[in-house]
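Each residue of the sequence shown is one higher than the one before, starting from 1 at the first, in my numbering. To start, the structure itself, in structure tokens.
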Amino acid sequence: MSEETQEKSSGSLEKAYDRKTDFPGLISQIEAGSISNVLGLAMSNVALAVANSGKQGEVSLKIKLKPASQTDPSILNTVVSMAVNEPKPKFGSKKEDFKYDTVAYCGYGGKVTYERPKEDVRSQLGLIPEGMAHLKVGGNY
């Protein structure tokens with residue numbers, strides 16, 4: 001039995017769905033990858049400030065998911081907030097806040113993606129044999 005299939009209680013095999021969200025991929029897609037760059041730069045700046053001042057610094061990332069549509073609950077409004085607290089060498093600190101709003105989709109099992117997931121109405125996609133891209137009528141197979 002491969003990773004792509006799982007055994008049902010009746011003994012037959014069915015396709016297993018990957019329901020885990022690809023978090024690194026998701027973060028790299030927010031605002032066309034700009035949040036990944038901002039997060040990396042913030043980490044570098046805070047690390048340098050902590051090393052120079054001997055004080056504690058902080059980079060925090062907060063993600064809020066809210067329903068974006070009353071008719072389609074799979075559409076999510078995603079708000080990503082980042083707060084940066086960079087200590088100064090003598091006294092005080094420098095604080096910056098970033099906020100990114102975007103739309104995401106909740107797929108099968110809660111997997112969050114930026115592309116709308118393919119819909120499998122009544123398990124119809126499982127009826128097509130693997131490796132078959134399209135059906136041919138007549139002719140040689």
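Beta carbons are placed, not taken as given, at the ideal position from N, Cα and C, and that holds for glycine. Remember, it's a predicted structure, so these values are computed and weren't measured experimentally.
Check: Taking its Cβ as the centre, do 16 or more other Cβ atoms sit within 10 Å of Val46, making it buried, or is it exposed?; Outcome: buried
Check: Helix, strand or coil for Phe98? Go by DSSP, reduced to three states.; Outcome: strand
Check: By a C-beta neighbour count over all protein chains shown, 10 Å radius and 16 as the cutoff for buried, is Thr71 buried or exposed?; Outcome: exposed
Check: On the CB-based measure, 16 or more other CB atoms within 10 Å of its CB, does Gly107 come out buried or exposed?; Outcome: buried
Check: Here's the rule: buried if 16 or more other CB atoms are within 10 angstroms of the residue's CB, otherwise exposed. What is Val103?; Outcome: exposed
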